[in-house]
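Student: Have a look at this one before I ask anything.
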Amino acid sequence: MNFHIITIFPEVCEAYTNASVLGRAQKTEKGKGAKVRGKKISVSYYNPRDYTDDKHKKVDDKPYGGGPGMVMKAEPILKAWQKAVGRKKDQKKVKTLIMSPRGKQFTNELAKQYVKNYDHLVLISGRYEGIDARVKEILKAEEVSVGDYILTGGELPALSIVDSTARQVKGVLGAFDSLEDDRATTGETYTRPEVIEYKKNKLKVPDVFLGGNHAEIEKRRGKK
């Protein structure tokens, strides 16, 4: 799966996608012997400021019809998108998303669909009062929301979608059993030490987790 993030703050996003699970998934690694493990995902960035025609690299302007704030201009975003995936032969394998609080609610099921149906996922991160509506029209993009709240920009939603979707790519996680949505548990877990003391209170791991009876443990966790 190839992720393409259009944002005026790529450095903010790169710090996250280059770390931990996502970072490892982007590397080619040598396994045992001569076996080479290829990249599972790629994450690329496109700054609309790099696709402007004026010396000030301006990507926003006042809205037609009046109103507060500024609106992101269409041309720099369209040029960034063209650079990212515009020349792909099979555009049916490209999905373009615009981060928006008014959009379709993002879910794990959507993440699975993206992995199953597409090779390239373009995530457009807006700022200010939004993006010129012609971007959505031209690119046939879909607005997606990660929750019923407003953020300063689309970078955090884009990262959430990349993270959640990348987890659905086979091989990204060390063991595919790590996909929590397939286990449907209460999330109740413990690790060493067996007893911890906090403000003179001793908290012990429940006996069921110490007895080795996996049937009882799964029952406790509420596994279906």
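Just so we're aligned, residue 7 is where the sequence shown starts under this note's numbering, counting upward by one.
All C-beta atoms in this analysis are idealised placements derived from N, C-alpha and C, irrespective of residue type, glycine included.
These numbers were taken from a predicted model, which means no experiment stands behind them.
1. If you run the structure through DSSP and keep just helix, strand and coil, what is Phe-215?
2. Looking only at its chain, what residues have a beta carbon closer than 6 Å to the beta carbon of Val-168, apart from the 5 residues adjacent to it on each side?
3. Quick check: what's the CA-CA separation for Phe-15 versus Val-65?
4. With burial defined as no fewer than 16 other Cβ atoms inside 10 Å of the residue's Cβ, what is the status of Leu-209: buried or exposed?
5. Skipping 5 residues on each side, what residues in its chain have a beta carbon closer than 7 Å to that of Lys-118?
6. How is Asp-66 classed by DSSP in three states: helix, strand or coil?
7. Short check: CB of Arg-140 to CB of Thr-192, under 7 Å?
8. In its own chain, which residues sit with a C-beta less than 7 Å from the C-beta of Lys-85, not counting the 5 before and 5 after it?
9. Apart from the five residues on each side of it in sequence, which residues of its chain come closer than 8 Å, Cβ to Cβ, to Val-18?
10. Using 8 Å as the threshold, is the region 95-114 in touch with the region 145-158, meaning 3 or more CB pairs across them?
11. Whole angstroms is fine: what's the gap from Lys-142's alpha carbon to Gly-75's?
12. Thinking Tyr-6 and Val-211 are a contact (beta carbons under 8 Å), I'd like their distance in whole angstroms, please.
13. Quick one: Cα of His-220 to Cα of Lys-176, how far?
14. Taking the alpha-carbon positions, what's the Val-201 to Asn-207 distance?
15. Beta-carbon separation of Val-121 and Met-7 under 7 Å?
Tutor: The relevant details are as follows:
1. helix
2. The residues are Phe-9.
3. 12 Å
4. exposed
5. Excluding sequence neighbours, Lys-118 sits near Gln-174.
6. strand
7. no
8. Tyr-57
9. Glu-161
10. yes
11. For the pair Lys-142 and Gly-75, the Cα-to-Cα distance works out to about 20 Å.
12. Any property of residue 6 remains undetermined from this structure, which presents the chain solely from 7 to 230.
13. 27 Å
14. 10 Å
15. yes
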